[in-house]
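Letter by letter, the sequence shown follows residues 0 to 183 in numbering that gives the first Met the number 0. Ideal Cβ positions, reconstructed from N, Cα and C, are used throughout, including at glycine. Note that the coordinates shown come from a computational prediction; the quantities given were computed from them, not determined experimentally. Written below as structure tokens is the structure these notes are about.
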Amino acid sequence: MQEWVTILKAADAAARWHVHHRRKGAAAEPYINHLLEVARLVAEATSGADPNLIVAALLHDAIEDQEVPREIIATGFGEDVACLVEEVTDDKALEKDVRKRKQVENAHRKSPRAKLIKLADKTSNLRALAASPSPEWSVKRKLEYVTWAREVALDLRGANQWLDTAFDKAAEDARQSVRPNGRQ
């Protein structure tokens, strides 16, 4: 029972830390929707068997996007969660192209649990691209994102078949969303 209280505390912390953060899509939905979706995907993929993984999924962008100190995550949610969040955090000091390249290059080095978070994150991003793309993104940029996400996912696959399938569907839906009438 205590683990569900911790999950809700993490959801509350994520909502507070990202309170002014919006998704880039046309709907500009609250960013917490993304964090909740990533956590839900991880929970579904694991049948809720790893509460710390769900907590880390909720907090996966806290360090990267909100500069929440790792120590705050460790103190509030434990060292295991802090390690997972740190493992999936990109170094924002690097140029965007370098960060994206490093995601492809380092995907195979992630722990199996971190791979689940990263794959759930990419799945959520692709779903958002299909449902509510950024008005500033050209068709070319959308297609490039789908291609890049698939490259990252190549070395994240295999940790969970259900999540692999969810990712594949999201990638195909995102690719189809930019085609006239959803056709090739």
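For the alpha helix (DSSP H) that Lys-168 lies in, which residues bound it at each end?
Run containing Lys-168: 160-176, per the alpha helix (DSSP H) assignment.
Cα separation between Ala-129 and Ala-169?
Whole-angstrom Cα-Cα distance: 8 Å.
According to DSSP, residues forming a beta bridge with Pro-50:
In the DSSP assignment, Pro-50 forms no beta bridge with any residue.
Residues that DSSP places opposite Ala-21 in a beta bridge:
It is worth fixing the name first, because residue 21 is Arg in this sequence and not Ala. According to DSSP, Arg-21 bridges with Pro-29.
CA-CA distance, Gln-183 and Glu-104?
With a pLDDT of 45 at Gln-183, under the threshold of 50, the modelled position of this residue cannot be trusted; read the value that follows with caution. Computed Cα separation, rounded: 30 Å.
Look up Ala-38 in the DSSP assignment and say whether it is helix, strand or coil.
The answer is helix: DSSP assigns Ala-38 an H, G or I state.
Assigned secondary structure, Gly-75 (DSSP; H/G/I helix, E/B strand, else coil):
DSSP places Gly-75 in the helix class (H, G or I) of the three-state scheme.
Under the three-state DSSP convention, the category Leu-197 falls into
Since the first residue of the chain shown is 0 and the last is 183, residue 197 is not available in this structure.
Element boundaries [alpha helix (DSSP H), containing Leu-118]:
For Leu-118, the uninterrupted alpha helix (DSSP H) run begins and ends at 111-130, by DSSP.
What three-state label does DSSP hand Gln-183 in the structure shown?
Since pLDDT at Gln-183 reaches only 45, below the 50 mark, its modelled position is unreliable, and the value read off the structure follows with that caveat. Gln-183 falls in the coil class under three-state DSSP.
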